[in-house]
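Numbering of the sequence shown is given in the numbering used here, commencing with residue 69 and proceeding in unit increments.
Ideal placement from N, C-alpha and C gives every residue a C-beta, glycine not left out.
Input: a single structure, listed below in structure tokens.
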Amino acid sequence: MEEVNGTTIYWLISIGLMIGYVVWLFMGKRCMNLTGNLIGGVTGAVIIGICAIYMNLVGPLVYASIGSVAFLFLVNIFSTKVEHSDHAQTT
Numbered sequence: 069m070e071e072v073n074g075t076t077i078y079w080l081i082s083i084g085l086m087i088g089y090v091v092w093l094f095m096g097k098r099c100m101n102l103t104g105n106l107i108g109g110v111t112g113a114v115i116i117g118i119c120a121i122y123m124n125l126v127g128p129l130v131y132a133s134i135g136s137v138a139f140l141f142l143v144n145i146f147s148t149k150v151e152h153s154d155h156a157q158t159t
């Protein structure tokens, strides 16, 4: 049985950082910036991983990675990015 300690938190943060970076690589400029994806990945992994540990689920790191991807999916879908055009209006 897993428990919440420093090593588990380290692995949850590491998984969140890796998934945030991979999502940023795949999405490119269509989503949030790198910092936002890293923070979102860590947030999703830590929250879901700790919940999986407290619910005594087998493989909390797997649940953390799935939760991180789901959290980043939702955040990137609902983030608004304003496109600036280079065309100047002449009046």
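{"Query": "Give the single residue among G127, G104, N124 and V126 whose Cα lies nearest to the Cα of F139.", "Result": "G104"}
{"Query": "How close, in whole Å, do the beta carbons of G135 and G108 come, if the pair is a contact with beta carbons under 8 Å?", "Result": "About 11 Å separates the two Cβ atoms, so there is no contact after all."}
{"Query": "Three or more beta-carbon pairs under 8 Å between the segment 71-91 and the segment 116-128, yes or no?", "Result": "yes"}
{"Query": "Less than 7 Å between the beta carbons of G117 and L106, yes or no?", "Result": "no"}
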